[in-house]
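In the numbering used here, the protein residues as written are 233 to 842.
First the structure, in the form of structure tokens, and then the observations on it.
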């Protein structure tokens with residue numbers, strides 16, 4: 233890995249979920265420790281699997297890794313830190329405000345922004361507090377702060393108590409009001425992050441356009457903050473060795489095509505290409521050979537061992553089940569890159585082909601799947617919600633309300649802080665949710681399929697806001713019927729069916745499990761899990777893919793045994809699922825009766841859906 237040739241003291245790994253940040257961070261830490269360096273590896277991921285990868289139970293303080301002398305690791309618990317923040321903020325008001333107002337405040341401080349701020353507080357201590365890491369030659373952070381958080385912390389107005397005086401209820405970043413005493417620490421942290429002699433920011437992606445685009449966006453945000461000390465690491469680059477395996481050939485073509493289309497904003501960064509690992513990098517020995525495509529692929533006999541097929545469904549069987557209701561809302565949820573848009577579009581096409589009126593709505597920036605199916609099916613209405621336009625409109629409304637209520641008391645610094653607050657991911661999610669809400673009512677007369685649905689936090693946030701509104705105004709009869717009915721509809725399992733989409737890999741499965749807990753907190757029980765891009769149903773000859781096929785079994789079994797009441801398995805497709813015919817093929821992408829099928833003969837092996 234090129235960034236290990238002359239490594240800086242601090243290494244930050246950032247990127248979308250499932251791209252391999254933890255694997256790269258752990259492999260880097262082990263490599264440096266093997267050189268005789270003293271290394272501290274820190275994870276700030278709420279769903280950290282650092283313990284699993286290193287094979288050692290970790291705590292919130294450095295723990296020695298016995299098989300790698302000089303290596304210490306720790307898990308920062310941002311959820312616990314965020315809980316402590318919430319109590320410090322809300323505790324003084326428990327005897328002063330009505331219960332509904334307290335619920336609103338608590339949910340306001342339960343979003344991803346608050347958790348990230350809490351995590352930022354913890355690693356800022358490690359990065360900027362004198363003496364905290366003096367005993368180490370290198371400090372490696374798995375999961376770095378986003379550009380939004382770094383911009384926020386660089387604003388002097390974040391320390392002037394503005395949020396404590398903000399009565400609009402719009403902020404998802406309330407804890408900053410209590411961080412004034414740590415101003416110098418955060419300023420030192422931001423300076424250290426931008427110091428190229430001290431820190432390298434490693435943007436992790438896969439040879440897939442969605443993750444490369446995310447890396448490009450992050451790169452631009454960091455560069456705007458003066459953080460030019462960036463390195464691009466592309467994980468999972470595949471080269472076929474079994475040329476009689478059509479899936480292997482197809483996967484190599486996809487990888488090569490993505491690498492030829494790297495966004496211009498990151499194309500000139502120093503770059504490391506990491507080969508697709510034959511084995512899941514769990515354990516010190518696997519980490520030491522991480523990225524070596526010729527490494528031992530292990531015993532792949534497990535590839536041919538039968539999965540509990542009687543507990544797995546195909547996407548086609550899921551559609552059969554959904555069609556029985558005749559109407560309703562279908563939400564696809566999950567992290568970026570797991571295939572939510574593909575699942576949503578395939579279900580919408582299948583239902584429309586059966587004669588149902590279907591409205592497919594997506595926030596996919598490219599909207600290529602929607603465009604591919606729009607002209608083919610007259611019963612399928614396709615719309616695209618533009619997150620930027622929706623967020624801009626929502627932000628303008630909030631800014632106008634705030635300025636009308638408190639404009640005279642806001643100076644330039646206060647306006648800057650408010651503007652940054654409204655640039656948060658939480659704001660975009662709420663703005664997009666408002667646009668989604670306009671289509672939900674159509675589920676009474678047909679099907680509405682929503683790609684990229686709101687999280688449980690957003691649902692609870694809106695619920696808390698409505699509760700607070702009712703408490704203050706006592707005029708619920710004036711609330712529009714659509715708003716009154718929205719949340720009950722989302723919580724009605726006979727009307728709304730939530731599909732959690734994931735991949736058969738550690739990080740996507742664990743993050744999906746966290747999402748399910750968030751939904752249950754919002755009184756929503758997922759209808760089904762969809763494990764996408766599975767190798768399990770396929771007959772493979774490439775040794776790397778057969779090894780990965782074996783590794784995927786553990787995560788399929790975890791979903792079956794620990795997370796999902798019902799589970800759909802969709803096989804990896806040689807053909808990109810774009811266009812009506814490809815989407816119909818995707819619907820049939822699962823093994824029949826547990827019999828593996830050739831990757832180029834999936835279509836012949838699957839029965840027609842209609």
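Even glycine gets a Cβ: it sits at the ideal position worked out from N, Cα and C.
Roughly how many whole angstroms lie between the Cα atoms of residue i and residue j?
i	j	result
residue 286	residue 292	15 Å
residue 626	residue 500	36 Å
residue 258	residue 727	44 Å
residue 583	residue 482	29 Å
residue 357	residue 368	15 Å
residue 360	residue 323	29 Å
residue 282	residue 432	21 Å
residue 479	residue 471	12 Å
residue 416	residue 733	42 Å
residue 723	residue 751	10 Å
residue 276	residue 503	25 Å
residue 620	residue 239	38 Å
residue 289	residue 351	20 Å
residue 442	residue 815	19 Å
residue 730	residue 562	6 Å
residue 802	residue 327	52 Å
residue 736	residue 540	15 Å
residue 284	residue 739	11 Å
residue 421	residue 804	43 Å
residue 237	residue 265	14 Å
residue 618	residue 444	20 Å
residue 404	residue 338	Low confidence applies to residue 404: its pLDDT is 45, below 50, so where it sits in the model is not reliable enough to give any reading.
residue 305	residue 612	52 Å
residue 791	residue 682	23 Å
residue 675	residue 474	48 Å
residue 772	residue 756	39 Å
residue 272	residue 754	37 Å
residue 760	residue 268	48 Å
residue 407	residue 546	With a pLDDT of 42 at residue 407, under the threshold of 50, the modelled position of this residue cannot be trusted, and the question is left open.
residue 438	residue 318	36 Å
residue 798	residue 564	15 Å
residue 514	residue 311	25 Å
residue 522	residue 512	9 Å
residue 234	residue 313	35 Å
residue 244	residue 373	5 Å
residue 498	residue 335	43 Å
residue 297	residue 354	21 Å
residue 677	residue 559	6 Å
What span of residues does the alpha helix (DSSP H) with residue i cover, start to end?
i	result
residue 263	253 to 266
residue 575	572 to 585
residue 750	738 to 753
residue 485	478 to 491
residue 818	812 to 819
residue 520	516 to 520
residue 547	547 to 555
State the beta-bridge partners of residue i as determined by DSSP.
i	result
residue 504	465
residue 366	The partner list for residue 366 (beta bridge, DSSP) is empty, contrary to what the question assumes.
residue 360	DSSP lists no partner for residue 360.
residue 561	680, 728
residue 512	DSSP output for residue 512 lists no bridge partner at all.
Would you say residue i reaches chain E, if we count a Cβ-Cβ gap shorter than 7 Å as a contact?
i	result
residue 282	Checking the listed chains, one finds no chain E in this structure; it contains a single protein chain.
Please report the residue range of the beta strand (DSSP E) in which residue i lies.
i	result
residue 374	370 to 374
residue 569	Premise fails: residue 569 is in no beta strand (DSSP E) and is neither H nor E.
residue 594	590 to 594
residue 271	271 to 275
residue 788	Note, residue 788: premise wrong, no beta strand (DSSP E); alpha helix (DSSP H) at 775 to 790.
residue 283	Residue 283 -> not in any beta strand (DSSP E); alpha helix (DSSP H) instead, spanning 282 to 286.
residue 499	No beta strand (DSSP E) contains residue 499, which is instead part of the alpha helix (DSSP H) from 496 to 499.
residue 733	728 to 734
residue 763	760 to 766
residue 614	612 to 616
residue 680	679 to 683
residue 800	799 to 803
residue 305	303 to 307
Worksheet entry | the region 764 to 775 / the region 579 to 590 touching (three or more Cβ pairs under 8 Å) | no
Worksheet entry | Stretch-stretch touch, CB-based, cutoff 8 Å, three pairs: the region 450 to 466 with the region 484 to 500 | yes
Worksheet entry | Whole alpha helix (DSSP H) elements within the region 420 to 464, 4-residue minimum | 441 to 456
Worksheet entry | Cβ contact (3+ pairs, closer than 8 Å) linking the region 742 to 760 and the region 773 to 782 | no
Discussion item. Between the region 447 to 462 and the region 503 to 512, can you find at least three pairs of beta-carbon atoms closer than 8 Å?
Written reply: no
Discussion item. Measuring CB atoms only, is the region 422 to 429 touching the region 545 to 562, in the sense that at least three cross pairs come out at less than 8 Å?
Written reply: no
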